[in-house]
Amino acid sequence: MQTKAKVQLKLVLDAEADVEINIWLSYVILKASWSPSYDIRVSTTDKKLSLTYKAEVRQATGEDWTNVEMSLSTAMPTSAGDCPEFANPWTISTFRMPVVRPTVRSLMARGSAFGAPPPMASAPAPMVGAFGGAPGGGSLFGSTAAGFGAAAKASRSDDMIDYEDQDVQTLAAPAQMIHQVAQATSGLVSASFHIQTKANIPSDNVPHTVTVALLKLVPAFEYAAVPKLSPAAYLKAKLRNTSEYALLPGPANIFVDGNFVAKSSLKNVAPEEDFECSLGVDHAIRITYKPVTKSRQTAGVFSKNVTLRHTQRLNVKNTKRVAATLRVSDQVPISEDEKIKVTIVKPVNGEASKDMDVAHKDKGLIEWTLTDVQPASDLDLELVYEITYPQGTIVSGV
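The following block contains the structure:
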């Protein structure tokens, strides 16, 4: 049977007369933590979104919290409150080999203190490590298994040059890195949430869920698809956090039209900040990526060029009862050789119509934005590009 921890407090008061006082005790205790999580419920027909902000609270303090008022905070009382400062300047310079000054003892070991020639088979002088550390350990930093900045001791012999008296500096050991483990405080000084209802959290180190808030947000829905990689259309919601609550990074359960569809996650979102939320796949938007058709043409009199023409067709169907905005992406190859040229024939960059915009982006990406895909509509998209290169050239990657 586990024994619960007990804490005894001794308080000494000095009063000039008998008096009754109320004492408020506040203290910090370890082995208690919380993490945010979310339930996001979406209605695509009503275009509404509700976000349930939850906290998973666990504690193993040895004391059960029964019917308590609770406030949750991202502040870390044990964390340093001062901003760190650079103690020393960061200097760089060209590398210089240290000047080797033989000692009297090493000269005498070579035969004479008065300039006698050294023996032909003398051991070579050890080289200095790239960072000024003593050699012999096989480490880039001049150390053996001792880690950063530890000077390695080379095995000494009388005919080796003695570095003991030289002013050769080794690379200083790096300061211990501080790892930011409290993800919830990223981008915020601190956030505090008061739980409206009283809670019961036993000392069992098991997560217990309490509700922080229920938020009603106005979404702008958009579908995104990359049919070359996946035939699915992914629903996204563009939102603004109009609440007073900071949304902290955490996992989210996604429910669309009453059905659980996916697990997602939220990043750090401040009040009045815009953000996007991925809501999983919507099978009511169907995209067909048809097989590419290719044609080959050779032209030129003295130097012949080969032109390969690729035609890629896509079909989009909206089987929903409401109109949808859809962003479709595809790609063309990028040439890494000046002899190979890639020309996009269709669609034209910047082409726009009432319900469609086209953009050619970096890395060969082509993007169609369909702003009003009506229910039961059936749309065809076409991508045509040409690859031209000298005849006899072997082109890889096509």
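Heads up: the sequence shown begins at 1 in full-length UniProt numbering, then just goes up one per residue. By construction, the Cβ of each residue, glycine as well, lies at the ideal position given by its N, Cα and C atoms.
Straight-line Cα distance separating residue j from residue i
i	j	result
His310	Pro249	44 Å
Lys267	Ser190	16 Å
Lys361	Glu367	7 Å
Ile394	Val384	22 Å
Ala233	Arg286	7 Å
Ile71	Trp65	Before going further, note that residue 71 is Ser rather than Ile in the sequence given. Each residue's Cα considered, the two are about 13 Å apart.
Thr61	Pro202	9 Å
Ser37	Ala262	14 Å
Leu9	Ser26	12 Å
Glu20	Ser33	36 Å
Pro271	Ala213	14 Å
Pro390	Leu365	25 Å
Pro207	Ala75	20 Å
Ala199	Ile29	18 Å
Three-way DSSP call (helix, strand, coil) for residue i in this model
i	result
Arg294	Before going on, a small fix: residue 294 reads as Lys here, not Arg. It is a strand residue.
residue 400	No statement about residue 400 is possible, as the shown extent of the chain runs from 1 to 398 and does not include it.
Gly62	coil
Gly300	coil
Ser230	coil
Gly280	strand
Lys363	helix
Asp337	coil
Ile394	coil
Trp24	coil
Thr197	coil
Glu222	strand
Ser243	coil
Met97	coil
Ala17	coil
Leu214	strand
Leu49	strand
Asp257	coil
Phe131	Its pLDDT being 39, under 50, Phe131 is placed unreliably by the model, and nothing is read from it.
Lys54	strand
Ala262	strand
Ala123	For Ala123, the pLDDT reaches just 44, beneath the cut-off of 50, and the residue's location in the model is therefore unreliable, although a value from the coordinates is still provided. Here Ala123 sits in coil by DSSP.
Val345	strand
Ser353	coil
Leu9	coil
Thr369	strand
Asn205	coil
Pro237	The residue asked about is misnamed: residue 237 is Ala in this sequence, not Pro. Ala237: strand per DSSP, three-state reduction.
Ser190	coil
Range of the contiguous beta strand (DSSP E) that encloses residue i
i	result
Glu382	Asp378 to Pro390
Gln331	Ala324 to Gln331
Leu314	Asn305 to Asn318
Asn268	Where Asn268 is concerned, there is no enclosing beta strand (DSSP E), given that its DSSP letter is neither H nor E.
Arg286	Ile285 to Tyr289
Val42	Ala32 to Ser43
Phe86	No beta strand (DSSP E) holds Phe86; DSSP gives it neither H nor E.
Ser71	Ser71 to Ser73
Contacting residues, own chain, Cβ-Cβ under 6 Å from residue i (five flanking each side not counted)
i	result
Thr325	Glu222 and Thr371
Ser264	Ala252, Ile254 and Ser278
Pro347	Val358
Asp378	Lys317
Glu273	Asn241
Arg41	Ser50 and Phe255
Leu295	The sequence given here has Ser at residue 295, not Leu. For Ser295, where only same-chain residues beyond five positions count, the Cβ hits under 6 Å are Arg309.
Gln297	Thr307
Ala17	none
Ala284	Thr319 and Lys320
Test item: CB-CB of residue i and residue j under 8 Å
i	j	result
Gly397	Pro333	yes
Asn305	Gln374	no
Thr211	Lys48	no
Phe275	Leu235	no
Thr293	Thr388	no
Ser50	Leu215	yes
Ala225	Val57	no
Val345	Ser335	no
Ser192	Ser73	yes
Same chain only: Cβ atoms within 8 Å of residue i, ignoring 5 sequence neighbours per side
i	result
Thr44	Phe221, Leu235, Val256, Asp257, Asp282, Lys320 and Val322
Leu11	Ile23
Close-in-space but distant-in-sequence residues of the same chain around residue i (CB under 7 Å, 5 per side omitted)
i	result
Asp14	none
Tyr289	Pro227, Lys228, Pro231 and Leu314
Lys31	Gln59, Ala60 and Thr61
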